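Undergrad:
Numbering (this note's numbering), first residue to last: 43 to 221.
Below, the structure is given as structure tokens:
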């Protein structure tokens, strides 16, 4: 299900309700989408056709692949065949500390994709914590948005529960490092 407006997002069933729910994707900016994981070539085609996606950032880990029974090699081949740029940036699920450590690299990679002219889709498994957190940090660090504004913007478009404290701590880490 592709959600392109705040009103439609409120009508969508949360992606974590069932393991078999279809992919949930929400537009955050004209060139930036966030959501749950694509399961197969048809989901990749849907992202391309409905959203114009040309690049995907996958935050899932090997453990996620096992739990969700994802054939990662086959999915990688589907991205290659479709001509979609793929960046795999594994971040452990339900681990705000790992997100805090990995966030700078994830945001830098997302910024590179967008600066190269891609329409990017950022996903974790359910699209609830890791991927929205990454998108919020991108809006805050790269686009210069106030953190609260970035949080409100993403939440208005996508049902999520980002790790705000991890973003705040990673922001402090960046300041201390002089980034």
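Positions of the beta carbon are idealized from the N, C-alpha and C atoms, including for glycine. Predicted model only: the values in this text are computed from it and were never measured.
Do residue 178 and residue 138 have their C-beta atoms within less than 7 Å of each other?
TA: no
Undergrad: Rounded to a whole number of angstroms, what is the C-alpha to C-alpha distance between residue 152 and residue 96?
TA: Approximately 12 Å between the Cα atoms of the pair.
Undergrad: Taking the alpha carbon of residue 122 as the point to measure from, which residue in 156, 180, 104 and 90 has its own alpha carbon closest?
TA: 90
Undergrad: Please check the pair residue 77 and residue 67, which I expect to be a contact at CB under 8 Å, by giving their CB distance rounded to whole angstroms.
TA: About 4 Å; that satisfies the 8 Å criterion.
Undergrad: Given that a residue counts as buried once 16 or more other Cβ atoms are within 10 Å of its Cβ, and exposed if not, what is residue 69?
TA: buried
Undergrad: Can the beta-carbon of residue 212 be found closer than 7 Å to that of residue 142?
TA: Taking the C-beta atoms as reference points, residue 142 is found nearer than 7 Å to residue 212.
Undergrad: Does the distance from the CB of residue 189 to the CB of residue 200 come in under 7 Å?
TA: At the C-beta level, residue 189 and residue 200 stay beyond 7 Å of one another.
Undergrad: When burial is assigned at 16 or more other CB atoms within 10 Å of the CB, is residue 158 buried or exposed?
TA: Burial call: exposed.
Undergrad: If we require 4 or more residues per run, which alpha helix (DSSP H) segments fall completely within the segment 150-198?
TA: 172-183
Undergrad: If you draw a straight line from the C-alpha of residue 114 to the C-alpha of residue 75, how long is it?
TA: 21 Å
Undergrad: Taking only three categories from DSSP, how would you classify residue 70?
TA: strand
Undergrad: Comparing alpha-carbon positions, which option in 105, 209 and 150 lies nearest residue 166?
TA: From the listed residues 105, 209 and 150, the smallest Cα separation to residue 166 is found for 105.
Undergrad: With DSSP as the reference, label residue 75 as helix, strand or coil.
TA: strand
Undergrad: Given this structure, state the Cα-to-Cα distance separating residue 207 from residue 127, to the nearest angstrom.
TA: Cα-Cα distance, rounded: 30 Å.
Undergrad: With a Cβ-Cβ cutoff of 7 Å, do residue 148 and residue 103 count as a contact?
TA: For residue 148 and residue 103, no; Cβs fall outside 7 Å.
Undergrad: How is residue 81 classed by DSSP in three states: helix, strand or coil?
TA: coil
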